[in-house]
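**Student:**
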Amino acid sequence: MKKMMVVIKDEILNTGKEDPRRMVHSLKVGLALTLASLLFLLNPVFHDIGSNSVWALQTVIVVLEFTAGATLCKGVNRGIGTLSAISLAFIVQIITHHSGRLGSPVCMGISIFVIGASTTYARFISSLKNYDHGVTVFLLTFNSLVASGYHDRTVWKSMFQRIYTIGIGCVICLIVSVFILPYWSGEDLQNSIIKKFEVLAELVQAEIEKYFQENKDKEEDNKSSDDSSIEKKYQEILECSSKDESLATYASWEPRHSRYCYPWQQYMQLESVIQHFGHNVFAIHGCLESQIQVM
Numbered sequence: 001m002k003k004m005m006v007v008i009k010d011e012i013l014n015t016g017k018e019d020p021r022r023m024v025h026s027l028k029v030g031l032a033l034t035l036a037s038l039l040f041l042l043n044p045v046f047h048d049i050g051s052n053s054v055w056a057l058q059t060v061i062v063v064l065e066f067t068a069g070a071t072l073c074k075g076v077n078r079g080i081g082t083l084s085a086i087s088l089a090f091i092v093q094i095i096t097h098h099s100g101r102l103g104s105p106v107c108m109g110i111s112i113f114v115i116g117a118s119t120t121y122a123r124f125i126s127s128l129k130n131y132d133h134g135v136t137v138f139l140l141t142f143n144s145l146v147a148s149g150y151h152d153r154t155v156w157k158s159m160f161q162r163i164y165t166i167g168i169g170c171v172i173c174l175i176v177s178v179f180i181l182p183y184w185s186g187e188d189l190q191n192s193i194i195k196k197f198e199v200l201a202e203l204v205q206a207e208i209e210k211y212f213q214e215n216k217d218k219e220e221d222n223k224s225s226d227d228s229s230i231e232k233k234y235q236e237i238l239e240c241s242s243k244d245e246s247l248a249t250y251a252s253w254e255p256r257h258s259r260y261c262y263p264w265q266q267y268m269q270l271e272s273v274i275q276h277f278g279h280n281v282f283a284i285h286g287c288l289e290s291q292i293q294v295m
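Take the sequence shown: its position 175, counted from the start at 1, is 175 in full-length UniProt numbering, and no numbers get skipped.
1. Starting from Pro105 and walking both ways along the alpha helix (DSSP H), at which residues does that stretch end?
2. If you drop the 5 nearest sequence neighbours on each side, which residues of the same chain put their C-beta closer than 7 Å to that of His279?
3. How is the alpha helix (DSSP H) around Ser78 delimited, first residue to last?
4. With DSSP run on the structure shown, which of helix, strand or coil describes Ile1?
5. Quick check on Ala89: buried or exposed, where buried means 16 or more other Cβ atoms within 10 Å of its Cβ?
6. Measuring straight from C-alpha to C-alpha, what distance separates Ile86 and Asp188?
7. Gly16 to Arg22, Cα distance in whole Å?
8. What's the C-alpha gap between Ile274 and Phe197?
9. For residue 313 and Leu181, which I take to be in contact (beta-carbon distance under 8 Å), what is that distance rounded to the nearest angstrom?
10. Should the region 111 to 126 be called in touch with the region 137 to 149, which here means at least 3 C-beta pairs below 8 Å?
11. Specify, as a first and last residue, the run of the alpha helix (DSSP H) that Trp55 falls within.
12. Is Glu11 helix, strand or coil when you go by DSSP?
13. In this structure, does DSSP put Gln265 in helix, strand or coil?
14. Taking three-plus beta-carbon pairs below 8 Å as touching, is the region 62 to 70 in contact with the region 241 to 252?
15. Return yes when the Cβ of Val135 is within less than 9 Å of the Cβ of Arg123, no when it is not.
16. Could you check where the alpha helix (DSSP H) with Tyr211 kicks off and where it finishes?
17. Take His133 and list the residues in its own chain whose beta-carbon comes closer than 6 Å to its own, dropping the five residues that flank it on each side.
18. Can you tell me where the alpha helix (DSSP H) with Asn143 in it begins and where it stops?
19. Looking at the structure shown, is Ile172 part of a helix, part of a strand, or coil, going by DSSP?
20. For Ile163, which residues from the same chain have a beta carbon less than 6 Å from its beta carbon, with the 5 sequence-adjacent residues on both sides left out?
21. Could you check the C-alpha separation between Glu236 and Val6 for me, to the nearest Å?
22. Using three-state DSSP, classify Ser224 as helix, strand or coil.
23. Determine the burial state of Phe142: buried for a count of at least 16 other Cβ atoms within 10 Å of its Cβ, exposed for fewer.
24. Tyr267 to Gln93, Cα distance in whole Å?
25. Are the beta-carbon atoms of Gly169 and Val29 separated by less than 9 Å?
26. When the Cα atoms are used, what is the spatial distance from Ala201 to Gln269?
27. With distances taken Cα to Cα, identify the nearest neighbour of Ile57 among Leu33, Ile193, Ile230.
28. DSSP on Ile125, reduced to helix/strand/coil?
29. What residue from Asn130, Ile166, Glu209 has the CA that sits closest to Ser53's CA?
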């Protein structure tokens with residue numbers, strides 16, 4: 001038991017040491033949840049909201065991300081998805097209401113099937129991958145409104161209160177993410193590209209030194225220890241990073257600030273160039289490591 005506690009303690013400390021920003025982000029999430037919970041505590045001010053206050057807490061948990069760009073992206077997606085679903089559900093509700101007693105359930109079933117199938121298919125479209133959260137919120141809100149509103153007409157009043165609380169949650173996320181020790185996706189993307197440039201330069205320098213090295217015995221002694229680190233560096237360069245693609249997307253949502261007013265999508269072209277040069281250097285590395293070399 002004591003050994004397990006030591007392992008857990010080391011894991012917690014190492015997580016914070018790897019990136020101290022994780023601790024700050026955790027505190028920011030705690031602050032945002034505390035602010036959102038005030039909707040429950042301040043009954044005289046928000047007495048009309050009632051149990052819908054929980055949507056503010058859910059919005060904070062879902063929307064508030066590590067960087068400001070990711071938070072803005074999710075917040076806008078959630079807002080647009082909710083409003084679009086309410087508008088479409090309202091139209092379906094009117095059509096269902098005028099379809100008669102027999103036509104109402106048929107109309108409702110057809111609308112749920114068509115919207116559910118088309119929305120799910122839309123999630124497979126590559127150009128809509130960045131808006132997957134908004135599409136999911138749209139599908140969930142639309143189905144809950146149409147299905148529950150068939151028998152309960154008061155659900156619309158509750159839905160407008162839900163919009164109000166979701167808006168409050170998004171505002172809290174925006175304030176905490178952008179104005180309190182903000183972390184920018186663009187800055188993380190730039191640091192990632194710079195690191196890959198540095199690793200590529202180190203690999204080129206290592207291959208040049210290996211080619212011109214005269215002390216073959218020394219090279220053979222250090223070969224086993226160097227190969228593992230070199231392989232890791234090549235893997236870091238050659239692998240396509242989905243994390244960098246996400247950072248570029250989120251950075252485009254961020255306000256243009258400080259000296260990071262760069263076209264972030266162009267950074268992915270830089271990464272492609274780095275990978276191209278990395279493949280060339282890796283080919284040279286394979287030639288130098290081969291037992292039979294053409295003279």
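All C-beta atoms, glycine included, are put in the ideal place defined by N, C-alpha and C.
**Tutor:** Taking the structure as given:
1. Along the sequence shown, one-based indexing puts residue 105 at 105. Bounds of the alpha helix (DSSP H) holding Pro105 are 100 to 122.
2. Working through the sequence shown from its first residue, we reach residue 279 at position 279. Excluding residues within five positions, the ones whose Cβ falls inside 7 Å are Leu238.
3. Numbered from its first residue, the sequence shown carries residue 78 at position 78. A quick correction: the sequence has Arg, not Ser, at residue 78. First-last of the alpha helix (DSSP H) with Arg78: 68 to 97.
4. Locating residue 1 in the sequence shown gives position 1, counting from the first residue. The residue asked about is misnamed: residue 1 is Met in this sequence, not Ile. Correct three-state label for Met1: coil.
5. Against the sequence shown, residue 89 aligns to sequence position 89. So Ala89 counts as buried.
6. Position 86 of the sequence shown holds residue 86. Position 188 of the sequence shown holds residue 188. As the crow flies, the alpha-carbon of Ile86 is around 36 Å from that of Asp188.
7. Within the sequence shown, residue 16 is the residue found at index 16, counting from 1. Within the sequence shown, residue 22 is the residue found at index 22, counting from 1. Spanning the two alpha carbons is a distance of roughly 6 Å.
8. Within the sequence shown, the letter at position 274 stands for residue 274. Within the sequence shown, the letter at position 197 stands for residue 197. Using only the alpha carbons, I get a separation of about 7 Å.
9. In the structure displayed, the chain extends from 1 to 295; residue 313 sits before or after that span and is not available.
10. Contact holds: three or more Cβ-Cβ distances are below 8 Å.
11. Translated into the one-based positions of the sequence shown, residue 55 becomes position 55. Looking at the DSSP string, the run of the alpha helix (DSSP H) that includes Trp55 is 54 to 63.
12. In the sequence shown, residue 11 corresponds to position 11, counting from 1. Helix.
13. Counted from its first residue, the sequence shown places residue 265 at position 265. Look at Gln265 here: in three-state DSSP terms it is coil, with no helix or strand label.
14. Contact between the region 62 to 70 and the region 241 to 252 is present, with at least three C-beta pairs closer than 8 Å.
15. Here residue 123 refers to the residue found at position 123 of the sequence shown. Here residue 135 refers to the residue found at position 135 of the sequence shown. A contact, by the Cβ cut-off of 9 Å.
16. The count along the sequence shown starts at 1 and reaches residue 211 at position 211. Element bounds for Tyr211: 185 to 212.
17. Your numbering for residue 133 matches position 133 in the sequence shown. Excluding sequence neighbours, His133 sits near Lys74, Asn77.
18. Here residue 143 is taken as the residue at index 143 of the sequence shown, counted from 1. Element bounds for Asn143: 132 to 148.
19. For the purposes of this step, residue 172 is taken as residue 172 along the sequence shown, with counting starting at 1. Ile172 falls in the helix class under three-state DSSP.
20. Within the sequence shown, numbered from 1, the residue matching residue 163 stands at position 163. Excluding positions up to five away in sequence, the list is empty.
21. Mapped onto the sequence shown, residue 236 falls at position 236. Mapped onto the sequence shown, residue 6 falls at position 6. For Glu236 and Val6, the gap between their C-alpha atoms comes out near 32 Å.
22. Numbered from 1 along the sequence shown, position 224 holds the residue referred to as residue 224. Any reading at Ser224 is ruled out, since the residue's pLDDT is 49, under 50, leaving its predicted position unreliable.
23. Position 142 of the sequence shown, counted from the first residue, corresponds to residue 142. The residue in question, Phe142, is buried, as its Cβ has 16 or more Cβ neighbours within 10 Å.
24. Here residue 267 refers to the residue found at position 267 when the sequence shown is read from its first residue. Here residue 93 refers to the residue found at position 93 when the sequence shown is read from its first residue. Straight-line Cα distance between these residues: approximately 46 Å.
25. The sequence position of residue 169 within the sequence shown is 169, counting from 1. The sequence position of residue 29 within the sequence shown is 29, counting from 1. Contact flag unset, no.
26. As a working note, residue 201 is residue 201 in the sequence shown. As a working note, residue 269 is residue 269 in the sequence shown. Going from the Cα of Ala201 to the Cα of Gln269 covers about 18 Å.
27. Looking up residue 57 in the sequence shown gives position 57. Reading off the sequence, residue 57 comes out as Leu, not Ile. Closest by alpha carbon: Leu33.
28. In the sequence shown, the residue the question calls residue 125 occupies position 125. Coil, per DSSP.
29. Taking the first residue of the sequence shown as 1, we reach residue 53 at position 53. Out of Asn130, Ile166, Glu209, the CA that lies nearest to the CA of Ser53 is found in Ile166.
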